[in-house]
Ligand SMILES: *[C@@H]1O[C@H](CO)[C@@H](O)[C@H](O)[C@H]1NC(C)=O
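In mature numbering (1 follows the signal peptide of the UniProt record, and there is no 0), the protein residues as written are -23 to -1, 1 to 386.
Next up, the structure:
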C-alpha cells in the first residue's frame, strides 16, 4: 500500500482537530431529561408529523460533534455566521437541509441527541455525527464520530427506554387520567408518526476514492454502502417508523476537495469523473433497493430516496440559472487560490482564510459542504416533488407547516 500524503480530504476536513477530551465519556442519556422542558400547551401529536429523527454525517450534524469535541473547524467563526449567528457545529455558514425540513414541518430545529441536558426530544432528535460512515468498513477512519450503526443503536435505546418508562408509569398510577394529563414523557405514538431522515454514505464513498485500488475494484465495494443504509432502513421500519426519507450522496466530484485532493480526469463541467461515477453507482443501487423495499412494505410504509445529486449538480455546474454567482468556488477560503481552496488551509484552519463578501452568492461553503443559500435552493427543488424515488407525497408535510403557521398567529 502506498502511503498517501495527508491530503485534506473530506475525512480530514471533518476530523481535523477533532478529539474527544480525555475526560469526556459519551453516555446514552437516561430517561430523566425527557421529563424536563415539556409544555403541555404544545401537544406535538396534534400535527400529522410531530417529530423528526435524523441520522447521518456532517451534512445533517446540527451540533452532535460540537458537544463532544473540544476543537473542530466548524466550532469557529465564520461557521454559523448567517445562522444561528455563532458556530453551532453545523458545517456551513447557516442552515442545513435538515433545518429546512424542520422549518417545512413547523417544527423546532432538530436537537442533537447528545444534548440531553436541555432537550426533551418531544419533537425528535438528531443522531447525525460529522465524519460518520454508513459502513463499518471505514468507521475506524472517523473514530470520534458515531457511525450509522451506532446512531441506530442510540435511537433504539432511547425508544426502548421511553417505552419502558411509560409502562412503569402506567403500572404505578394505574389510572388512565393521571397518565394522560401527567405524563411529560415523549409519547410512544411519536415514533410511528415521526419523519425519519437518513443522509449518509458520502464519507464512505470518499474513503473509497482514497484507496489504492482500480475503479473496478472500488465498484465492487460500493454495494456495501447501500447495504448498510438499507439495514438502517429495515431496522427503523421494524422499530415502527412509517415515514422515511433517504438522501442520496451529492456529487463530491464537483467539489474543490475532490478536484484538488483526489484529481484525475475531469468532465466538461470540471468535475472529477471517477468520483462522481462511484457516487452515481452507489445512488442507483440505493434507489433500486429502496424501491424494492417500498413495494414490499407499501401497506405500512411511505419511503423514498431524495435525489439530491442532480439538484446539487445543477447548482454547482449551472449556478446562474439558480441565482448564484459562483458554483464551485468556496465562500470561505483563500483569495487568490483556484476556487479559493487549499488543502491544508481550510476555512478556519489558517489565518489566511476569509469569509466571502456575500455567502448567498455561493453554492459551496468551504470546499466540501454547501452554503445555507444552496441548502435552501436544494430544499426548494425537493419541494417541486420530482426528485423522489419512488414517488412520495408531501401533502402531509404541507398541512403540518400550514397548521403550525396558523397556530403561530
Ligand atoms: C429560502 O428561499 C426562499 C425563496 O425560495 C426565501 O423566501 C427564504 O427566505 C429563504 N430562507 C432562508 C433562510 O434563506
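C-beta atoms are modelled at their ideal positions from N, C-alpha and C, and glycine is treated no differently.
Taken through DSSP and simplified to helix, strand or coil, residue 92 comes out as coil. For residue 33, DSSP records a beta bridge to 176. Annotation for residue 207: the continuous alpha helix (DSSP H) segment containing it runs 192 to 215. The DSSP-derived three-state label of residue 103 is strand. Ranking 51, 44, 79 by CA distance to the CA of residue 30 puts 79 first.
If one requires a minimum length of 4 residues, the alpha helix (DSSP H) runs lying completely within the stretch 203 to 279 are 233 to 238, 250 to 273, in chain order. Under the DSSP assignment, residue 304 falls in the beta strand (DSSP E) whose first and last residues are 303 to 307. Taking 8 angstroms as the cut-off, the beta carbon of residue 174 is found no closer than this to the beta carbon of residue 127. Of all alpha-carbon atoms in 224, 201, 132, the one lying nearest the alpha-carbon of residue 359 is that of 224. Excluding sequence positions up to five before and after residue 264, its CB lies within less than 6 angstroms of the CB of 282, 366, all in the same chain and listed in chain order. Here residue 332 has 55, 309 as same chain residues with Cβ atoms under 6 angstroms from its own Cβ, once five neighbours each way along the sequence are excluded. With a cutoff of 7 angstroms, residue 72 counts as near ligand 1, since its C-beta is closer than that to a heavy atom of the ligand. The beta-bridge partner set that DSSP reports for residue 316 is empty. For residue 286, the uninterrupted alpha helix (DSSP H) segment begins and ends at 285 to 294. Counting along the chain, residue 54 sits inside no beta strand (DSSP E), nor does DSSP assign it H or E at all.
Ligand 1 approaches residue 357 closely enough that one of its heavy atoms is under 7 angstroms from the residue's Cβ. The Cβ atoms of residue 349 and residue 42 lie no closer than 8 angstroms to each other. In summary, residue 28 is buried, with 16 or more beta-carbon neighbours lying within 10 Å of its beta-carbon over all protein chains present.
For residue 346 and residue 286, the gap between their C-alpha atoms comes out near 13 angstroms. For residue 184, the closest C-alpha among the options 211, 81, 234, 307 is that of 234.
Classified as buried, residue 26 has 16 or more neighbouring CB atoms from the shown chains inside 10 Å of its CB.
Look at residue 365 here: in three-state DSSP terms it is strand. When the beta-carbon positions are compared, residue 296 and residue 59 stay at least 8 angstroms from each other. Assigned with DSSP and collapsed to three states, residue 43 falls in helix.
Taking one beta carbon from each stretch, the stretch 311 to 327 and the stretch 261 to 278 have fewer than 3 pairs nearer than 8 angstroms; the two do not touch.
The straight-line gap separating the alpha-carbon atoms of residue 98 and residue 90 is approximately 8 angstroms. Residue 331 carries a strand assignment under DSSP once its states are collapsed to helix, strand and coil. Using a Cβ distance threshold of 8 angstroms, residue 306 and residue 252 do not count as a contacting pair. According to DSSP, residue pairing for residue 282 in a beta bridge involves 223, 366.
Burial check for residue 269: the Cβ neighbour count within 10 Å stays below 16, so the residue is exposed. Residue 262 is a Cβ neighbour of residue 203, given a cutoff of 8 angstroms.
With 16 or more other Cβ atoms inside 10 Å of its own Cβ, residue 339 counts as buried. If you look at residue 341, you'll find it in the beta strand (DSSP E) that goes 339 to 341.
Just measuring C-alpha positions, the residue of 344, 250, 36, 372 sitting nearest residue 110 is 36. Approximately 5 angstroms separates the beta-carbon atoms of residue 177 and residue 125; this is inside 8 angstroms, confirming the contact.
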